[in-house]
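Start counting the sequence shown at 997; every next residue gets the next number (this note's numbering).
Working notes for the structure below.
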Amino acid sequence: MSKNIQTPVAKIIPKTLEKHNKKRLDNYFWLNDRENPEVIDYLNQENVYYEAMTADTNIFQKELYEEMKARIKEDDQSVPYLYNGYYYITRFETGKGYPIYSRKKGSLTATEEILFNCNELAEGHSYFQLGGLSVSADNKLVSFGLDTVGRRIYTIQIKNLETGELFADKIENASGSSVWADDNQTLFYTKQDEVTLRSDKVFKHKLDTNSNADVLVFHEKDDTFDVSVGKEKSRKYIVIGSGSTLTTEYRILNSDTPDGKFAIFQKRVRGLEYSISHFGDSFYILTNKDKATNFKLMKTPESATSKENWKEVIPHREDVLLEDIEIFSNYLVVEERSNGLNHIRIMPWSGEGEYYLPFGSETYSAGTTTNVDFDTDILRYSYQSLATPASVIDFNMKTREKEIKKEQQVLGEKFDKNNYVEERVWATATDGTKVPISMVYKKGMKKDGNNPLLLYAYGSYGVTMDPYFSSTRLSILDRGFVFAIAHIRGGEDLGRQWYEDGKLLKKKNTFTDYIDCSKFLIEQKYTSPKHLYAEGGSAGGLLMGAVINMAPELYNGVIAQVPFVDVMSTMLDDTIPLTTGEYDEWGNPNVKKYYDYMMSYSPYDNIKAQSYPNMYVSTGLHDSQVQYWEPAKWVAKLRTHKTSDTVLYLNTNMDAGHGGASGRFEALKELAKEFAFLLDLEGIKK
């Protein structure tokens, strides 16, 4: 790398921010304006700097991209599923970056009907996303959402599946998903607040009418709640869901009476979470009612849905998290989590002979997938691990026979999962808590402290980071890297309490757990500070920011994707998407005790003059979840404070949002940049 390239310098315009009689100085507040040409100029300067500094890895990046792409089966398709008389299939064609959605009537040998060829629709757009497909009950119409910017703002349109024509109906500024009533004329959909992008309204649209005439069915006025609308598996009810971090509420309406009034299932009670599944003449309710931290299953008649009528089906257990259920005519299937691993429990309604699906591995991920039919003995589930490619399996709950419908193919050089070792180890946190780490590496690895190790984590919102297979990851495993996932508090990996112990005024457990996992891996000689790399995105980027302020000496390099690092400014600005709905996760900084606690770890506010690791930071100009200016301000401030001669890159995708580039293979180019960054620091050039 050439070191005489001019480092970008963001100009300093001091701005004093005050809250609770405390002042914060923000020299880069001005970057919060994507309409300002100087802001765009600064982001472009950073991109030019990144390109120049990494020019000597360009060929390697291209090689990594081609290598990863070569492992992917290009002419691939999903396992078909039968819904309302049609088999639905998503497939890809060789050389094409986007999916083709199709269906076949009654049989897999029937003629294929193309619903959408996204490769054609994406032409002329630098970003393209199609989502929220919903087919009418008579199978003649499909509604869908289009986003061509990356801010998750969709336009809903309707297609006639018999003629292929688009109706004139256009619904702008929608969240993308919609659902048909049984009259095949009425469409329910959600709209977003135009400033915050919070889904806050449910509308009813009649086919062949102007969307300006759409009827507002429900308006969620509490700005900590989001709304959704969908249909029960039984198809009898259309359901409006209102949810915040801690509280849920549902409204139901018979699918065949679209002009009727939605009835509240159980009115919201702060702290009461529940979800509903309709079957026969009852609803089954997964809920934390009566302090059931890990959730329990209850049941109520469809004629009496409020909580005083709920009866217990599966009681609460301290050591088992009840995650989800799947209902069939003869079976109840329960997804549970204990000791950090998924379990699938098969419970015949007869009450006799319940059992668990057997999973032999030390660390794995399993869960039910598309099960749209009640009247079948076949359960469809997925299984994968860090070394085992993802499989979709049809399991006969009666005969206990399983049929692997599809196993992810890894093309190129012969892939053999037996060439890799998977392990689950437990680090001890500062407060004595045992934290699991899942890892994978090439067979023959020596624990001598010289292995490069990439430690990934997330640790927020109760999101569980299950061990998953990645064919792209082989590009670093085969070059000697160990890959590990730290299952830190703030996720739900070890049950609901694991989440509770890593949020609000206990958020710092998330960061110290990660640091303690890092120290454990160093002590056990899996790696050393010279070879340890940290990675996290979004709220996992907050983790990266906090960790490098607290223990920068442990890491040689850090990858932070779309990092949420300017915690205080964002959480005090209720016009930003997601902010108000996040108060139950981080705390409301308008309350002093939360302000003080958040200030004590906010990455941007705690940058100090010290040695920082090598860093690669990525963002998207149109990101609606973590605004681009958070990483931009963070990098600008780090440049003026870091005392180490380490590299610091900010790479902004000027066309994309939170999920990065659209298209199947474009994302591999971003991954190739990250891998080249890591391998270059290790002196691995090919």
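By construction, the Cβ of each residue, glycine as well, lies at the ideal position given by its N, Cα and C atoms.
Because the structure is a prediction, the values reported are computed rather than measured.
Asked, Found
"Opening and closing residue of the beta strand (DSSP E) in which residue 1188 lies", "1182 to 1188"
"Euclidean distance between Cα positions of residue 1409 and residue 1068", "12 Å"
"Where the alpha helix (DSSP H) through residue 1627 begins and ends", "1625 to 1637"
"Ordered list of alpha helix (DSSP H) runs contained in the stretch 1026 to 1113, each at least 4 residues", "1033 to 1049, 1054 to 1066"
"Unbroken alpha helix (DSSP H) run spanning residue 971, endpoints", "Nothing can be reported for residue 971, as the shown portion of the chain is limited to 997 through 1682."
"Limits of the beta strand (DSSP E) - the one that residue 1590 falls within", "Unbroken run through residue 1590 is the alpha helix (DSSP H), 1588 to 1595; no beta strand (DSSP E)."
"Proximity to residue 1092 [Cα-Cα], best of 1674, 1673, 1680, 1661", "1661"
"For residue 1099 and residue 1582, the rounded distance between their alpha carbons", "44 Å"
"Alpha-carbon to alpha-carbon, residue 1383 and residue 1334", "22 Å"
"Buried or exposed (CB count within 10 angstroms, at least 16 for buried), residue 1211", "exposed"
"Supposed contact pair residue 1290 and residue 1317 - C-beta distance, whole angstroms, cut 8 Å", "5 Å"
"Backbone CA spacing between residue 1374 and residue 1395 [nearest angstrom]", "10 Å"
"CB of residue 1544 within 9 Å of CB of residue 1530, strictly", "yes"
"Under 9 Å between C-beta atoms of residue 1302 and residue 1274", "no"
"Cutoff 8 Å; reference residue 1633; Cβ partners in own chain excluding five residues on either side", "1023, 1024, 1600, 1603"
"Limits of the unbroken alpha helix (DSSP H) element including residue 1538", "1535 to 1546"
"Run of the alpha helix (DSSP H) containing residue 1582, from where it starts to where it stops", "1579 to 1582"
"Delimiting residues of the alpha helix (DSSP H) encompassing residue 1519", "1504 to 1519"
"First and last residue of the uninterrupted beta strand (DSSP E) at residue 1671", "Residue 1671 -> not in any beta strand (DSSP E); alpha helix (DSSP H) instead, spanning 1662 to 1677."
"Residue 1571 (DSSP reduced to helix, strand or coil)", "coil"
"C-beta contact flag for residue 1133 and residue 1206 at 9 Å", "no"
"Closest residue to residue 1559 among 1463, 1630, 1639, 1682 (Cα-Cα distance)", "1630"
"Reference residue 1413, options 1466, 1400, 1461, 1430, closest by Cα", "1466"
"Sub-9 Å separation of residue 1483 and residue 1473 beta-carbons", "no"
"Three-state secondary structure assigned by DSSP to residue 1001", "coil"
"Meets three-Cβ-pair contact criterion under 8 Å: the stretch 1234 to 1253 and the stretch 1189 to 1196", "no"
"Spatial distance of residue 1638 from residue 1293 (CA atoms)", "52 Å"
"Residue 1691 - containing alpha helix (DSSP H), residue span", "The displayed coordinates of the chain run from 997 to 1682. Any statement about residue 1691 would go beyond what the structure contains."
"C-alpha gap between residue 1202 and residue 1079, whole angstroms", "24 Å"
"Boundaries (first-last residue) of the beta strand (DSSP E) holding residue 1380", "1374 to 1380"
"Contact check, residue 1157 vs residue 1137, beta carbons under 9 Å", "yes"
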